[in-house]
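Asks: One structure, pasted below without further comment.
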Amino acid sequence: MFDLESTPGAPDGWESAHAPTRQDHVPPVPLFAIPELVQFGHLGTGTYVGWVVPAPELRGTDHPVALFGQDPGARIIGRDTRAGLEWMLSLGLRQAHLRADDRALIARLVAELDLHPTPEYGITPDGFDVVVSLELTVPAGWRHEPDVNGAGIGVLALADAFTDRSYVYAGGHLDEILAEAERLLEAGFPATALVELIDAFHDDRHRFAHLDSLWARAYQDLGRPRSAARLDTMLPLYQRLHP
């Protein structure tokens, strides 16, 4: 089982590409990502690859894989880790000038993990990437509320942490957004407050420092302290961008 609240270490007998550090237990949050996106790689272009983990307390054995870090939200590339790795290796095989040692590494991964990448994997006949829908398992008594921007991650939590009606993000001035989020938290609906705060962040990422404290409180109320701690990791990034 993956510990998806921390950077996964190499299993016994496996090699690790990077020596562990004291910060490995709380992985970094790439710029413009949210704590629900746990990176395990990157494409070298400012785009990262990682798991979609909307409710870490469920401790799922696997999760969807997405690209994120530049556009709001995330682009799903695989419904599980295996599919995500096959997409990544297929992307590598599409590189016209792939180095011999990179080809050898791909071949080793393919053999050892029994993967099946091809240069055409995930590509439609007209050359466009296949769109993969996000499929989350929603346990009994839980609810998933998608976010307004259409990225499809949203918030997964116990049903009684949401208001009775589906939430619709209305935008508005920052003060109005913060007041509504605080009202929802005071009323005992941290999941709906979290939907609003994430939507407000995607709508205007300059707002992060203003959203941070209520966002962290929503995670705490949902029993996700490490997600709240990841917001602390994010804060210096946005303070440097928008002092």
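Residue numbers (the working numbering): 91 to 333.
Glycine included, every Cβ here is placed at the ideal spot set by N, Cα and C.
From a predicted model like this one, the values you see are computed outputs, not experimental measurements.
Going by C-alpha to C-alpha distance, which of Asp161, Ala164, Leu203 and Leu148 sits closest to Arg172?
Replies: Per the Cα distances, Leu203.
Asks: Which same chain residues, not among the five before or five after Ala342, have their C-beta less than 7 Å away from its C-beta?
Replies: A query on residue 342 cannot be resolved here, the shown segment of the chain reaching from 91 to 333 and no further.
Asks: Could you tell me which whole alpha helix (DSSP H) segments of length 4 or greater appear in the segment 146–215?
Replies: Taking only runs of at least 4 residues, the alpha helix (DSSP H) segments lying wholly in the segment 146–215 are 171–183 and 190–203.
Asks: Output the distance between the C-alpha atoms of Val119 and Arg295, rounded to the nearest integer angstrom.
Replies: Near 14 Å, if we compare the C-alpha coordinates of Arg295 and Val119.
Asks: Does the Cβ of Gln113 have 16 or more other Cβ atoms within 10 Å, making it buried, or fewer, making it exposed?
Replies: Annotation note: pLDDT 49 at Gln113 (below 50); position unreliable, coordinate value reported separately. Classification of Gln113: exposed, given that the 10 Å Cβ count is below 16.
Asks: Less than 9 Å between CB atoms is the rule here; does Ile166 satisfy it with respect to chain C?
Replies: Here chain C cannot be found, since the structure has a single protein chain.
Asks: State the Cα-Cα distance for the pair Val228 and Glu270, rounded to the nearest angstrom.
Replies: For Val228 and Glu270, the distance between alpha carbons rounds to 26 Å.
Asks: My output table needs one value for Arg233: the three-state DSSP class, helix, strand or coil.
Replies: DSSP places Arg233 in strand when its eight states are reduced to three.
Asks: Suppose you measure from the CA of Val155 to the CA of Gly182; what does that come to, to the nearest Å?
Replies: Cα-Cα distance, rounded: 17 Å.
Asks: Along the chain, where does the alpha helix (DSSP H) that runs through Leu275 open and close?
Replies: First-last of the alpha helix (DSSP H) with Leu275: Leu264 to Glu276.
Asks: Let me check understanding here. Comparing Cα to Cα, which of Glu286, Glu272, Leu274 and Thr151 lies closest to Val258?
Replies: The candidate whose alpha carbon is nearest that of Val258 is Glu286.
Asks: Quick check: what's the CA-CA separation for Arg198 versus Val139?
Replies: Rounded to the nearest angstrom, the two C-alpha atoms are 20 Å apart.
Asks: Mapping DSSP to helix, strand and coil, what is Val245?
Replies: Looking at Val245 - three-state DSSP - the assignment turns out to be strand.
Asks: Count Cβ pairs between the segment 124–131 and the segment 217–227 that sit closer than 8 Å; are there 3 or more?
Replies: No: the two stretches stay apart, fewer than three of their Cβ pairs being nearer than 8 Å.
Asks: Where does Asp322 sit, in a helix, a strand or coil, going by DSSP?
Replies: Of the three classes helix, strand and coil, the one that applies to Asp322 here is helix, per DSSP.
Asks: Spell out the partners DSSP gives Leu127 in its beta bridges.
Replies: Beta-bridge pairing links Leu127 to Val142.
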